[in-house]
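Below: one structure, written as structure tokens.
6 protein chains.
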Amino acid sequence: MLSVLLELQRLKRLDRTGWVLRGLPPGAESVASHSYGVALAAMLLADECASRGVRVNVERMLRLALLHDLAETRTGDMPRTVADYYTRDARKRAEREAFDDVMRGTYGAARYAALHEDYEERASLEARLVKAADVIDLLAQALAFERAGARGLGEFWEGVEERDFGLEGASRDVVRETIGALVRARNEVSSER
Amino acid sequence: MLSVLLELQRLKRLDRTGWVLRGLPPGAESVASHSYGVALAAMLLADECASRGVRVNVERMLRLALLHDLAETRTGDMPRTVADYYTRDARKRAEREAFDDVMRGTYGAARYAALHEDYEERASLEARLVKAADVIDLLAQALAFERAGARGLGEFWEGVEERDFGLEGASRDVVRETIGALVRARNEVSSER
Amino acid sequence: MLSVLLELQRLKRLDRTGWVLRGLPPGAESVASHSYGVALAAMLLADECASRGVRVNVERMLRLALLHDLAETRTGDMPRTVADYYTRDARKRAEREAFDDVMRGTYGAARYAALHEDYEERASLEARLVKAADVIDLLAQALAFERAGARGLGEFWEGVEERDFGLEGASRDVVRETIGALVRARNEVSSER
Amino acid sequence: MLSVLLELQRLKRLDRTGWVLRGLPPGAESVASHSYGVALAAMLLADECASRGVRVNVERMLRLALLHDLAETRTGDMPRTVADYYTRDARKRAEREAFDDVMRGTYGAARYAALHEDYEERASLEARLVKAADVIDLLAQALAFERAGARGLGEFWEGVEERDFGLEGASRDVVRETIGALVRARNEVSSER
Amino acid sequence: MLSVLLELQRLKRLDRTGWVLRGLPPGAESVASHSYGVALAAMLLADECASRGVRVNVERMLRLALLHDLAETRTGDMPRTVADYYTRDARKRAEREAFDDVMRGTYGAARYAALHEDYEERASLEARLVKAADVIDLLAQALAFERAGARGLGEFWEGVEERDFGLEGASRDVVRETIGALVRARNEVSSER
Amino acid sequence: MLSVLLELQRLKRLDRTGWVLRGLPPGAESVASHSYGVALAAMLLADECASRGVRVNVERMLRLALLHDLAETRTGDMPRTVADYYTRDARKRAEREAFDDVMRGTYGAARYAALHEDYEERASLEARLVKAADVIDLLAQALAFERAGARGLGEFWEGVEERDFGLEGASRDVVRETIGALVRARNEVSSER
Chain A
167 MLSVLLELQR LKRLDRTGWV LRGLPPGAES VASHSYGVAL AAMLLADECA SRGVRVNVER
227 MLRLALLHDL AETRTGDMPR TVADYYTRDA RKRAEREAFD DVMRGTYGAA RYAALHEDYE
287 ERASLEARLV KAADVIDLLA QALAFERAGA RGLGEFWEGV EERDFGLEGA SRDVVRETIG
347 ALVRARNEVS SER
Chain B
167 MLSVLLELQR LKRLDRTGWV LRGLPPGAES VASHSYGVAL AAMLLADECA SRGVRVNVER
227 MLRLALLHDL AETRTGDMPR TVADYYTRDA RKRAEREAFD DVMRGTYGAA RYAALHEDYE
287 ERASLEARLV KAADVIDLLA QALAFERAGA RGLGEFWEGV EERDFGLEGA SRDVVRETIG
347 ALVRARNEVS SER
Chain C
167 MLSVLLELQR LKRLDRTGWV LRGLPPGAES VASHSYGVAL AAMLLADECA SRGVRVNVER
227 MLRLALLHDL AETRTGDMPR TVADYYTRDA RKRAEREAFD DVMRGTYGAA RYAALHEDYE
287 ERASLEARLV KAADVIDLLA QALAFERAGA RGLGEFWEGV EERDFGLEGA SRDVVRETIG
347 ALVRARNEVS SER
Chain D
167 MLSVLLELQR LKRLDRTGWV LRGLPPGAES VASHSYGVAL AAMLLADECA SRGVRVNVER
227 MLRLALLHDL AETRTGDMPR TVADYYTRDA RKRAEREAFD DVMRGTYGAA RYAALHEDYE
287 ERASLEARLV KAADVIDLLA QALAFERAGA RGLGEFWEGV EERDFGLEGA SRDVVRETIG
347 ALVRARNEVS SER
Chain E
167 MLSVLLELQR LKRLDRTGWV LRGLPPGAES VASHSYGVAL AAMLLADECA SRGVRVNVER
227 MLRLALLHDL AETRTGDMPR TVADYYTRDA RKRAEREAFD DVMRGTYGAA RYAALHEDYE
287 ERASLEARLV KAADVIDLLA QALAFERAGA RGLGEFWEGV EERDFGLEGA SRDVVRETIG
347 ALVRARNEVS SER
Chain F
167 MLSVLLELQR LKRLDRTGWV LRGLPPGAES VASHSYGVAL AAMLLADECA SRGVRVNVER
227 MLRLALLHDL AETRTGDMPR TVADYYTRDA RKRAEREAFD DVMRGTYGAA RYAALHEDYE
287 ERASLEARLV KAADVIDLLA QALAFERAGA RGLGEFWEGV EERDFGLEGA SRDVVRETIG
347 ALVRARNEVS SER
């Protein structure tokens, strides 16, 4: 367990590259901070879904959220543009191997690997909801930056209202409502300028 | 949900005061980063406990970890020394009220309040294990700083091997082994100087 | 004296929490930097007041300015919202005790305690003018951030032109003119957007 | 007054160049933070001197401390090595002109200029004590950095115990005792490594 | 060679003072980062000039770009306003002596000194083109900051389209076209606000 | 040219991931700062080689140094450990394509591509010397951090004295002497602790 506890400390310092490349100052958001935001958003989404009758495994969602970026201790936080230069297959294989190396030796390594695989494949409802939480925390962070004066982050908002994350029914409604509320709050910032 | 999503963004920037007061540079560790570390440590502890036959509610532990510092969006991250100037009762009441204000209006606010209360009172086994995870992530961060050259953090290590967090049996063993491993790793750093 | 000299170093690193919570980057303004601004503003106010016939003890004002946030080495810089969760009495008592602990053992500790008490109670004209200087430096900093592109700081400007800080006559005029000039400069920034 | 209030904000962000050039991270100490430290150290020195029967004008000392680095809003904080490339006369003239430009238009500009001149010439006892406070805050900051793990700051400590700052009698004793205490505290850090 | 390699490391941390004084956060741009931008801009300018038949010594240009701010390891990065307080002659002599001290003992110190002198005097076509590259990188950085939300940088853009840097013919055309393109891109940012 | 000038600004903010993962604070060294160090080291190496009779194209070396990390505006600065998860072929192809995309549309894009290819393949003497300069600047930076108190950077020094970078004769001697001097300077730091 010790090696994981120490390795995760790296994520507390690793900046989210996307913000840095768009001119936000160093230290704007760490990968660990983002993962915290995703996990908390996932919990809120899960509870809202449950209130509308969707059966969702909250424990699984929280595990997925906490693990989904852990491999970045080995691979770094790559900017979006890497998708133009590495195939999706190559990136997934790299992430999986890095993840397994981080977790090697822990009790439950096999189970963690299965969770990671689920997230990468968006196989379960829980994985799809966590992917939505990942985007929701990104948008909430972008909005917080924009409210504080940042500009040039428009691309993060493009098309977000159309994304359904492979969800349907009430879970899709919850995600859409949440993203819709973020978009409206953002439009208010823009119109105030 | 929107208000919580936006308010939690503040924790990504709020520095852990303890490090700043001891000379670590700004941005060394945010409250959100620490909460991520606590949640991941809690998951690892829970799984290790389960492997030794301890019945533990992992979902509850992860919820407790994600919520335990959320009130700091309203109260800030107070240094240890505030304990000399505010009574424990006053601080608990303040934390509770701030927490409730953050969560007001979410589906499940009452349930979140009960979780927060459990953590503050260390009422459940899960709350006590999360408190242990809180200290374990603190020590792992201190060790990471010390490995990178920081000094003057000795007080964080004093007496940690004696703490039992109100635990007993296998759960206490797991925590003690983890803290013991951190202390040994730290002693290696000190002896190398 | 040594212990105070060393303890004050902490204020050079401690961020003013209010800016951090509103999205300014870490290191935007330290408590020590702010205290410097307050002391210099206090000197300018005092000299302007004197030029209009107000009898004011400048030495006392500068001492008050230098000491007014010193207790934050023990309590941290709490955000405005703590006023919702701790009573004014509790905060004042905590500040006073922390201040006395910082100064314990210096020659003149009793006198420093009396100055601190004066500031907390706004008992003297000098204390009221230093409180005005505290707000004036806050506004000048907010304006500097806004000129550099920051947004979302509007609440700091609300009602400032109406505050009289318990002052009257020429001293009130000086403070009002200064705040008025800041507000006008700020309005120019807003209209340029 | 407005222009000075706004211009001093720059000192809150301007790093002390000496630390940066020796590898301390950006934001380690601002010029404004240092000026705060000097002013508070000056107050403590003044009171200690007075307790030993030295007649010292405390108001004058605090004014000198607050003004002594203000010209750096125009000239920047030059590293020590500039002394090899600009004559002392050229630097003093530049500082004086920059200072006068900053203060131009304030009530009392002439008086501030005289204070600045006094400091540059170390003409009064008060100016010499403030110069001592300037060095004392530098050493206290260096010690704080070293306690937190910084190295390579030895040159700041060389010969400090021999400096008398043109002081004599009790005022010299107070300064020597203070610097002596800092040196002893520093030797403890070194011996612990 | 060792001493130069170590001394240049300082430029990686030294902030460009101009941005700091205008409210950009610490670490916004280091002198070393700027020098990199100037060198790469110089290469692009040189190749574009060559494509239009201008005979230009690219090696000389790159050497000039890499060396032009190296003396700042000794003198710091002075803000523009120092020009009001130090004569051009005094600054040039200081820069030259500092540069020579940095390079003393390297093979080729005399040649480096001649390059530095050429740049200071804008004697060669190459030196004038590198000065243009210096301004071009400054504008590109200002534009990047403005796109990310910074404001208050207007003075850097004043009159830039009229500057000819002592160039004529095709080399002047290349510089003007480049600066013109930057100005147009900047106008788009302004109009979007 | 405009698009390259703007895109390179990103490298001024992009942290070198290797330091961040080892606990150095954000903003410790940007990719642009490092590229500056490599280019200046390359110039010094080239001149020293020339003085010993090695025929080396300095212009080519400086171009290689300025271009060698430019593709990181698209791919980010990946940590060393990515070598465990992506094949060397995949990384080279990605770097090449990203580089070509950055440079697309500039006069001389084909020539820049050939230079980049040369560097990746270490085909020319110049490319091999620039690779040596890359390592030399890395070591000089590590040494600067260690002199300032950083620890845990030992792995960067392992085996460096044995590397020959495919060089032979006088050029190999120059590189070995330079690295040897860095290693000796570093051993002095270690022995002082």
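Protein sequence lines correspond, in order, to chains A, B, C, D, E and F.
So in my numbering, spot 158 of the first sequence is number 324, and the numbers just go up one at a time.
So in my numbering, spot 26 of the second sequence is number 192, and the numbers just go up one at a time.
So in my numbering, spot 141 of the third sequence is number 307, and the numbers just go up one at a time.
So in my numbering, spot 49 of the fourth sequence is number 215, and the numbers just go up one at a time.
So in my numbering, spot 86 of the fifth sequence is number 252, and the numbers just go up one at a time.
So in my numbering, spot 150 of the sixth sequence is number 316, and the numbers just go up one at a time.
Backbone N, C-alpha and C fix where the C-beta goes; we use that ideal spot for every residue, glycine too.
Practice task
Round the Cβ separation of V349 (chain B) and W323 (chain B) to the nearest angstrom and send it over; I've been treating them as touching at under 8 Å.
Solution key: 7 Å
Practice task
Please list, in chain order, all residues of the same chain as R188 (chain C) whose beta carbon is under 7 Å from its beta carbon, the five residues on each side excluded.
Solution key: G318 and L319
Problem - Enclosing alpha helix (DSSP H) for Q307 (chain F) [first to last residue] - result: L291 to R313
Exercise for the section: Measuring alpha carbon to alpha carbon, tell me which of C:R329, C:A336 and C:A237 ends up nearest S217 (chain C). Expected result: C:A336
Exercise for the section: Less than 8 Å between the CB atoms is what I'm expecting for L206 (chain E) and L174 (chain F), so what's the real figure, rounded? Expected result: About 6 Å separates the two Cβ atoms, so the contact holds.
Practice task
Look up D255 (chain D) in the DSSP assignment and give the residues it is bridged to.
Solution key: The partner list for D255 (chain D) (beta bridge, DSSP) is empty, contrary to what the question assumes.
Practice task
Output, in chain order, the set of chain B residues within a Cβ distance shorter than 7 Å of M167 (chain A).
Solution key: L210, E214 and T344
Exercise for the section: Have a look at L304 (chain B) and E286 (chain D) and give me their C-alpha separation to the nearest angstrom. Expected result: 48 Å
Practice task
Report yes if the CB atom of V296 (chain C) is closer than 7 Å to the CB atom of A231 (chain C), and no otherwise.
Solution key: yes
Practice task
Inspect the beta-carbon positions of T183 (chain C) and D243 (chain C) and report whether they are closer than 7 Å.
Solution key: yes
Exercise for the section: Check the Cβ-Cβ distances between R182 (chain C) and every residue of chain A, and say whether any is below 7 Å. Expected result: For R182 (chain C), the answer is no, since every Cβ of chain A falls outside 7 Å of its Cβ.
Handout entry: Bridge-paired residues (DSSP) for S357 (chain C)
Key = According to DSSP, S357 (chain C) bridges with nothing at all.
Problem - Exposed unless 16 or more other CB atoms sit within 10 angstroms - verdict on S199 (chain E) - result: buried
Handout entry: Beta-bridge partners of S201 (chain A), as assigned by DSSP
Key = Partner(s): none; S201 (chain A) has no beta bridge.
Practice task
Under the assumption that F331 (chain D) contacts L190 (chain D) (Cβ atoms under 8 Å), give the Cβ distance between them as a whole number of angstroms.
Solution key: Rounded, the Cβ-Cβ distance is 26 Å, inconsistent with contact.
Exercise for the section: Identify which residue in C:E328, C:E354 and C:E292 has its Cα closest to the Cα of R221 (chain C). Expected result: Restricting attention to C:E328, C:E354 and C:E292, the CA atom closest to the CA of R221 (chain C) is found in C:E292.
Exercise for the section: Provide the residue(s) that pair with S196 (chain C) in DSSP beta bridges, ordered along the chain. Expected result: C:D181
Handout entry: Selected residue, minimal CA-CA separation from W185 (chain D), among E:T239, E:V341, E:T253 and E:A279
Key = E:T239
Exercise for the section: Could you check what DSSP says for A260 (chain E) in three-state terms: helix, strand or coil? Expected result: helix
Handout entry: Which of helix, strand or coil DSSP assigns to H234 (chain F)
Key = coil
Practice task
Below 7 Å CB to CB, which residues in the same chain sit around T241 (chain C) once its five sequence neighbours on both sides are set aside?
Solution key: A260, E261 and A264
Practice task
Give a yes or no on whether the C-beta atoms belonging to V340 (chain E) and E225 (chain E) are separated by under 7 Å.
Solution key: no
Practice task
Go ahead and label D284 (chain D) buried or exposed: buried means 16 or more other beta carbons lie within 10 angstroms of its beta carbon, across all protein chains shown.
Solution key: Its Cβ being crowded by 16 or more others within 10 Å, D284 (chain D) is buried.
Exercise for the section: Report yes if the C-beta distance between A306 (chain E) and L171 (chain F) is below 7 Å; otherwise report no. Expected result: yes
Handout entry: Three-state secondary structure assigned by DSSP to L206 (chain E)
Key = helix
Handout entry: Contact set between S201 (chain F) and chain E, taken where Cβ atoms lie within less than 8 Å
Key = Y202
Problem - Listed by chain order, chain E residues near F311 (chain C) by CB distance under 9 Å - result: G189
Exercise for the section: Return yes when the Cβ of D235 (chain C) is within less than 7 Å of the Cβ of S201 (chain C), no when it is not. Expected result: Taking C-beta atoms as the reference points, S201 (chain C) and D235 (chain C) count as a pair closer than 7 Å.
Practice task
Grab the span of the alpha helix (DSSP H) containing E287 (chain B) for me, first residue to last.
Solution key: That run of the alpha helix (DSSP H) goes A275 to E287.
Practice task
Can you have a look at R176 (chain D) and say buried or exposed, based on whether 16 or more other CB atoms are within 10 angstroms of its CB?
Solution key: Of the residues assessed, R176 (chain D) falls on the buried side of the cut-off, its CB having 16 or more other CB atoms within 10 angstroms.
Handout entry: Whole-Å CB distance - S196 (chain B) paired with L180 (chain B), under 8 Å assumed
Key = 6 Å
Practice task
Reducing DSSP to helix, strand and coil, say where V222 (chain C) ends up.
Solution key: coil
Problem - Boundaries (first-last residue) of the alpha helix (DSSP H) holding V170 (chain A) - result: L168 to L174
Handout entry: Cβ neighbour criterion (16 or more within 10 Å) applied to R246 (chain E)
Key = exposed
Practice task
Taking a Cβ distance cut-off of 7 Å, strictly less, list which residues of the stretch 307 to 339 of chain C are near chain E, in chain order.
Solution key: A310, F311, R313, A314 and G315
Problem - Cβ shell of A298 (chain F) (< 6 Å), same chain only, five flanking positions each side left out - result: So the qualifying residues of the chain are F331 and V341.
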